[in-house]
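Protein chains in written order, with our numbering: chain A, 83 to 404; chain B, 1005 to 1354. Even for Gly, the Cβ is constructed at its ideal location relative to N, Cα and C. Being a predicted model, the structure only gives us computed values, none of them experimental. These notes are about the structure you will find just below.
As structure tokens, this is what we get:
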């Protein structure tokens, strides 16, 4: 509304070519903003590479698969944080994906109207909770619960199972990769739900109603009509959530344990790249700073490849189903 | 809970009003400092009293020793504060002058239901083995042996250490290195080390919170944090073989041994001091200022603050369980200022 009014006044005041100057300015600034994104990205990349150089020069490419972090002796390797980053994000997705799918399907297919709004609002509010609050909730509420009830039960049930036993062994610390993964799943859930709900709603009602008309059950409609129609958006939602899970910092720092040793058990403490940066950046200098920045660079590459991979998969999906 | 909130709000409002009142009055030279978190409570207390007396405000950022050193080197603050004393080369390189400000104690804290403060005894061997991950349950014979009469649970031990670089860690690991050969060989001492076991928390607050949340855990914090959060501390065996409590008197006993007169640049670690009352993990914390000052008035204001605090702030320090420096040392520090801190080649102090 206001823009129309502005154009109108500028036109009445303008000379021979009304609005041309405004158009040039508008186009120019839009271009600038667009290019600025690219420049920013490149600048961040260059700054990270320059900062990380000392570490890569000192330790070479083996920095990536070395499991040491010793600020006393100035020896660093990124394997433990890399491992922790991947494992916590993986746990978050394993828990988050089925939950969010369920919630989104419930909201679009099954939910009675009087419940739709409260649940949608609750999901959106979850997304608005600052991550430090998730961290404090994790430390003060979830960790004691995990230590007292959940982890002992997991250890008793799976701890001695063949093959997977080692994954669930060890004393119940409460703090660790599993707890971090659970917090992360709660944090990425609202993103996945909101995107998937919106995507599901784009399914044309004719398709859905025809299927129901043919006698399909809700499950059949979801599986054969809604999901195939919206698969691109659903995969996109997963990838966005994964990107966020990989980079989440404060909440993870609170509950992950910040330990630079890789243990077999997912109940054991570990660390992630962003947690290591959050804990050590302020005090680091020299080679340690280089190693931290190298970690940051690796996270950048990791997140980038996740997004790239998602794009690739979407392209293939689109081609396949044309 | 709500009454504390109200109290805090009231204090904050009062503080804001006071700040406004001062801002409206005469403009004094304000000074800035940054660094160690360990002495932060006493610096804040001194700053408050000093401001009430002289109008000069101190803005101290409790950001950690490493950050404090970095900031004074970069010249973004008027003084830096560190728990790890710099050596002569490091001081020379950045034209810094170093002096101690206060002495404090670091205590092991545990979360063992049924065990009260001072009930559990530990020595260098057992504490080192716990932090190395060699002892993994509380009823281990090595702990049981020195704790006759105490019922120790079979709970697994969760070691809690600092995740960030810290002067508290430096002094704690320095102590462990001094009393435990295994620790010395495998880990050593620094502001951050390669912890063989356990989980990391950020800051003294982070370690306190983790210990409070985790049954069977053990960590280490500055004594004020242990008392504020009502954490269970342990007794420690000192160099003379006595088990002592972390009390002000026992910190003082350890501090009394220190030979400041001969330590170059006051670089002295007070861990594992002799004397039957000495608390073994006692540590001094230090201030750094530039030797060549550009603004004589500002430099004088900084030294004036510490002169007043070291001569008048003993009682405030003791209330917070810090050991104030002895009078002879304060005199020695003043002469260091006169000799080493200069603006345009002229001494700034007195």
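- The alpha-carbon separation between residue 1300/B and residue 208/A amounts to approximately 55 angstroms.
- Beyond the five residues adjoining it in sequence on each side, residue 399/A comes within less than 8 angstroms, by CB distance, of 313, 314 and 317 in the same chain, given in chain order.
- 1296/B is the residue among 1296/B, 1328/B, 1103/B and 1324/B whose C-alpha sits nearest the C-alpha of residue 1351/B.
- What residue 1079/B touches in chain A, judged by beta-carbon distance under 8 angstroms, is nothing: the nearest beta carbon there is about 16 angstroms away.
- Per DSSP, reduced to three states, the secondary structure at residue 1112/B is strand.
- DSSP places residue 315/A outside any beta strand (DSSP E); the residue lies instead in the alpha helix (DSSP H), whose first and last residues are 309-329.
- Burial state of residue 153/A is buried, judged by a 10 Å Cβ sphere holding 16 or more other Cβ atoms.
- In terms of beta-carbon proximity, residue 1194/B lines the interface with chain A, with at least one pair separated by less than 8 angstroms.
- Distance from the CA of residue 1065/B to the CA of residue 1291/B, rounded to the nearest whole angstrom, comes to 13 angstroms.
- Between residue 1068/B and residue 1170/B, the beta carbon gap of about 6 angstroms places them in contact (Cβ cut-off 8 angstroms).
- Taken in chain order, the whole beta strand (DSSP E) runs of length 3 or more contained in the region 1171-1224 of chain B are 1203-1205.
- Relative to residue 1201/B, the option among 1142/B, 1070/B and 1134/B whose CA is nearest is 1134/B.
- Around residue 293/A, the same chain offers 302, 303, 306 and 307 as residues with beta carbons nearer than 8 angstroms, after the five sequence neighbours per side are excluded.
- In chain order, 335 and 340 place their CB closer than 7 angstroms to the CB of residue 361/A, counting only its own chain and leaving out the 5 sequence neighbours on each side.
- The shortest C-alpha to C-alpha distance from residue 1313/B to any of 1053/B, 1216/B and 1076/B is the one to 1053/B.
- For residue 1097/B, the uninterrupted alpha helix (DSSP H) run begins and ends at 1092-1097, by DSSP.
- From the beta-carbon of residue 1199/B, the residues of chain A found nearer than 7 angstroms are 341.
- Bridge partners of residue 175/A according to DSSP: none are assigned.
- For residue 279/A, the enclosing alpha helix (DSSP H) has its first and last residue at 259-283.
- Closer than 8 angstroms to the CB of residue 1206/B there is at least one CB belonging to chain A.
- Counting only residues of its own chain and dropping the five nearest sequence neighbours on each side, residue 220/A has a CB closer than 7 angstroms to the CB of 261, 265, 333, 336 and 337.
- Under the DSSP assignment, residue 1302/B falls in the alpha helix (DSSP H) whose first and last residues are 1300-1316.
- Listed along chain B is no residue with a C-beta nearer than 8 angstroms to that of residue 205/A; the closest approach is about 28 angstroms.
- Taking 8 angstroms as the cut-off, the beta carbon of residue 1293/B is found no closer than this to the beta carbon of residue 1222/B.
- Annotated as distal: residue 111/A and residue 249/A, with beta-carbon spacing of 8 angstroms or more.
- In the DSSP assignment, residue 149/A forms no beta bridge with any residue.
- Boundaries for residue 1251/B: no beta strand (DSSP E) harbours it, and the DSSP string shows neither H nor E there.
- Neighbourhood of residue 1074/B in chain A, by CB distance below 8 angstroms: 367, in chain order.
- Residues of the region 1149-1165 of chain B that bring their beta carbon within less than 7 angstroms of a beta carbon in chain A comprise 1160 and 1162, in sequence order.
- Under the three-state reduction of DSSP output, residue 1325/B falls in the coil class, being neither helix nor strand.
- Below the 9 angstroms Cβ cutoff, chain B contributes 1177, 1191, 1192, 1193, 1194, 1195, 1196, 1197 and 1198 as neighbours of residue 154/A, in chain order.
- Beta-carbon to beta-carbon, residue 1237/B and residue 1122/B are separated by about 7 angstroms, close enough to satisfy the 8 angstroms threshold.
- With a cutoff of 8 angstroms on beta-carbon distance, residue 1241/B and residue 1349/B are scored as not near each other.
- With respect to chain A, the C-beta atom of residue 1223/B has no partner C-beta closer than 8 angstroms.
- In the structure shown, the three-state DSSP call for residue 1141/B is strand.
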